[in-house]
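See below for the structure under consideration.
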Ligand code: FE
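Residue numbers (my numbering): 55 to 403.
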């Protein structure tokens, strides 16, 4: 959907102001073959208008990525092993990542140098619709405090989910849509909180219901998938076509660790939409509506090495689920897909 250029530029400047971009700061726009041309143009113009010392680094694509060429391969990025680029990015005050370095060791290295990073993949009209503000940060940080204090996350649903996940071994990942603190990584658009379950302890059943979503497939599930989970790993995948597709995709990596559990959490973006994924073809969207919509339970499979865990699987599947009820230490956080009013952070608690 076309958006008036002036409006887009204003939206980008608003995001950069939230990121506390200052006159004279060193800012790098990282681009590649998959970066949206309009986003590149807006990133450069908005950053220049903020008075940043600005440059653009354009990198070639990764050759022969993951399974079926999709981004369920979390191992390689266009700057993997590219020392000159990594060191240059570490010297920047801020990087606008229009390529997607997520899940990579080089991203962790850049952040450790104190560089702020904001990943931007969605097309311009999604960015213009899913703007963010300080309320989103307050809401996410309030949820992060609840999650940090918890010992057990439990999720249930009328479809049959009954899954218990001890937490506390790994840090909390908070995304509020802008990078305003040294060493903070964020993703525009995004608002959710997550962590990785304590290793080898999750147990129960996860029923992925009709209308839930799976990435990188970028599709709605059409038939229930029943996952049995024991000692932190998926031990059984039952159901119809969708179950078969998920099982065969995981098996295609020839890696038992692909059946592990990665990050889990819930969505907190009031403007994100469950239905947005159905309005686009697959190359048009990264799926942040699906991952962020308010009250979703975001389950995922594969590695926890990004958080410091021992599972280094290259296979990672995000599974945003609607209509689940999440509780922490027995205290309800969401109820049938709705964030309870006491947990929306609307009062900046
Ligand atoms: Fe993920």
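We treat Cβ as the ideally placed atom computed from N, Cα and C, and that holds for glycine.
(message) Measuring only the C-alpha atoms, how far is residue 371 from residue 262?
(response) Counting from 1 along the chain shown, the entry for residue 371 is found at position 317. Counting from 1 along the chain shown, the entry for residue 262 is found at position 208. Each residue's CA atom was taken as its position, placing residue 371 and residue 262 some 13 Å apart.
(request) Would you mind sorting residue 123 into buried or exposed? The rule is 16 or more other CB atoms within 10 Å of its CB. (result) By one-based count along the chain shown, residue 123 stands at place 69. Note that residue 123 scores a pLDDT of 42, beneath 50, so its modelled location is shaky and nothing firm can be said.
(message) Does the distance between the C-beta of residue 316 and the nearest non-hydrogen atom of ligand 1 fall short of 7 Å?
(response) For the purposes of this step, residue 316 is taken as residue 262 along the chain shown, with counting starting at 1. Yes, since a heavy atom of ligand 1 falls inside the 7 Å radius drawn around the Cβ of residue 316.
(message) Does residue 138 pass the burial test, meaning 16 or more other C-beta atoms within 10 Å, or should it be called exposed?
(response) Within the chain shown, the letter at position 84 stands for residue 138. Residue 138 counts as exposed, since fewer than 16 other beta carbons sit within 10 angstroms of its beta carbon.
(message) Measuring straight from C-alpha to C-alpha, what distance separates residue 197 and residue 266?
(response) Indexing the chain shown from 1 puts residue 197 at position 143. Indexing the chain shown from 1 puts residue 266 at position 212. About 23 Å.
(request) Pull up the DSSP beta-bridge partners for residue 347, would you. (result) Position 293 of the chain shown, counting from 1, holds the residue named residue 347. For residue 347, the pairing in a beta bridge is given by DSSP as 323.
(request) Below 6 Å CB to CB, which residues in the same chain sit around residue 223 once its five sequence neighbours on both sides are set aside? (result) Walking along the chain shown from the start, residue 223 turns up at place 169. Around residue 223, the same chain offers 252 as residues with beta carbons nearer than 6 Å, after the five sequence neighbours per side are excluded.
(message) Measuring only from the beta carbon, is residue 344 closer than 7 Å to any heavy atom that is part of ligand 1?
(response) Counting from 1 along the chain shown, the entry for residue 344 is found at position 290. The answer is no for residue 344.
(message) Taking CB distances under 8 Å as the criterion, tell me whether residue 95 reaches chain B.
(response) The structure shown contains no chain B, having only a single protein chain.
(request) For residue 244, verify whether its CB is less than 7 Å away from any heavy atom of ligand 1. (result) Here residue 244 is taken as the residue at index 190 of the chain shown, counted from 1. Checking every heavy atom of ligand 1 against the Cβ of residue 244, none is found closer than 7 Å.
(message) Going by DSSP, what residue range makes up the beta strand (DSSP E) through residue 239?
(response) Start at 1 with the first residue of the chain shown, and residue 239 comes out as number 185. 239-241 is the span of the beta strand (DSSP E), which, as asked, contains residue 239.
(message) Pop quiz: residue 282 and residue 289 are said to be a contact at Cβ under 8 Å. What is the actual Cβ separation, rounded to whole angstroms?
(response) Start at 1 with the first residue of the chain shown, and residue 282 comes out as number 228. Start at 1 with the first residue of the chain shown, and residue 289 comes out as number 235. Contact check for residue 282 and residue 289: beta-carbon distance about 5 Å, within the 8 Å limit, so the pair qualifies.
(message) Quick check on the DSSP output: the beta strand (DSSP E) that includes residue 288 runs from which residue to which?
(response) By one-based count along the chain shown, residue 288 stands at place 234. First-last of the beta strand (DSSP E) with residue 288: 287-293.
(request) Go through its chain and collect everything with a Cβ distance to residue 195's Cβ below 7 Å, but skip five positions before and after it. (result) Along the chain shown, one-based indexing puts residue 195 at 141. Cβ contact annotation for residue 195 (same chain, cutoff 7 Å, sequence separation greater than five): 228, in chain order.
(message) Please classify residue 109 as buried or exposed, where buried requires at least 16 other C-beta atoms within 10 Å of its C-beta.
(response) On the chain shown, position 55 is the one that residue 109 refers to. Classification for residue 109: exposed.
(request) Just grab the DSSP bridge partners of residue 227 for me. (result) Against the chain shown, residue 227 aligns to sequence position 173. Residue 227 is bridged to 248.
(request) Have a look at residue 402 and residue 391 and give me their C-alpha separation to the nearest angstrom. (result) Stepping through the chain shown from its first residue, residue 402 is reached at position 348. Stepping through the chain shown from its first residue, residue 391 is reached at position 337. The predicted model places residue 402 with a pLDDT of 40, which falls under 50 and marks its position as unreliable; any figure quoted below should be read in that light. The C-alpha of residue 402 lies about 22 Å from the C-alpha of residue 391.
(request) Return the chain-ordered ranges of every alpha helix (DSSP H) run that is complete within the segment 147-218 and spans a minimum of 4 residues. (result) Whole alpha helix (DSSP H) segments, 4+ residues: 159-166, 178-183, 188-203.
(request) Specify the secondary structure class of residue 372 as computed by DSSP and reduced to three states. (result) Walking along the chain shown from the start, residue 372 turns up at place 318. Three-state result, residue 372: strand.
(message) My output table needs one value for residue 392: the three-state DSSP class, helix, strand or coil.
(response) As a position in the chain shown, residue 392 is number 338, starting the count at 1. Correct three-state label for residue 392: strand.
(request) Return the CA-CA distance between residue 359 and residue 172, expressed in angstroms with no decimal places. (result) Against the chain shown, residue 359 aligns to sequence position 305. Against the chain shown, residue 172 aligns to sequence position 118. Rounded to the nearest angstrom, the two C-alpha atoms are 21 Å apart.
(request) Quick one: which unbroken beta strand (DSSP E) runs of 3-plus residues sit fully inside the segment 78-127? Chain order, please. (result) Correct list: 80-86, 107-113.
(request) Have a look at the DSSP bridge pairing and note the partners of residue 257. (result) Position 203 of the chain shown, counted from the first residue, corresponds to residue 257. Residue 257 pairs with 218.
(request) Please say whether residue 134 and residue 163 have beta carbons closer to each other than 8 Å? (result) Walking along the chain shown from the start, residue 163 turns up at place 109. Walking along the chain shown from the start, residue 134 turns up at place 80. No, these two residues do not count as a Cβ contact at 8 Å.
(request) Spatial neighbours of residue 325 within its chain, please: CB distance less than 6 Å, with the 5 preceding and 5 following residues excluded, ordered by chain position. (result) Working through the chain shown from its first residue, we reach residue 325 at position 271. The beta carbon of residue 325 sits closer than 6 Å to the beta carbons of 184 from its chain, once the five residues preceding and following it are set aside; these are given in chain order.
(message) Under 8 Å, with one C-beta from each stretch per pair, do the segment 69-85 and the segment 234-242 reach the 3-pair mark?
(response) Of all C-beta pairs linking the segment 69-85 to the segment 234-242, three or more are shorter than 8 Å, placing the two stretches in contact.
(request) Go through its chain and collect everything with a Cβ distance to residue 81's Cβ below 6 Å, but skip five positions before and after it. (result) Your numbering for residue 81 matches position 27 in the chain shown. Counting only Cβ-Cβ distances below 6 Å, and skipping sequence neighbours, we find 101, 106, 108, 148.
(request) Over the uninterrupted alpha helix (DSSP H) stretch that includes residue 140, give me the two end residues. (result) Indexing the chain shown from 1 puts residue 140 at position 86. The continuous alpha helix (DSSP H) containing residue 140 extends over residues 137-144.
(request) Tell me, to the nearest whole angstrom, how far the beta carbon of residue 244 is from that of residue 342; I am working on the premise that it is less than 8 Å. (result) Stepping through the chain shown from its first residue, residue 244 is reached at position 190. Stepping through the chain shown from its first residue, residue 342 is reached at position 288. The C-beta separation of residue 244 from residue 342 comes to about 6 Å, placing the pair in contact by the 8 Å criterion.
(request) Return the first residue and the last residue of the beta strand (DSSP E) that residue 333 is part of. (result) Taking the chain shown and counting its residues from 1, the one referred to as residue 333 is at position 279. Neither: residue 333 is in no beta strand (DSSP E) and is coded neither H nor E.
(request) Grab me the residues of residue 167's own chain with a C-beta within less than 7 Å of its C-beta, minus the 5 sequence neighbours each way, in chain order. (result) By one-based count along the chain shown, residue 167 stands at place 113. Closer than 7 Å at the Cβ level, and outside the excluded window around residue 167, lie 144.
(message) So residue 221 and residue 205 are supposed to be a Cβ contact under 8 Å. How far apart are they, rounded?
(response) Reading the chain shown from its first residue, position 167 is the one you call residue 221. Reading the chain shown from its first residue, position 151 is the one you call residue 205. Contact holds; Cβ gap of about 7 Å.
(message) Alpha carbons only, please: which of 389, 84, 352, 93 is nearest the one belonging to residue 112?
(response) Within the chain shown, numbered from 1, the residue matching residue 112 stands at position 58. It is 84 whose Cα lies nearest to the Cα of residue 112.
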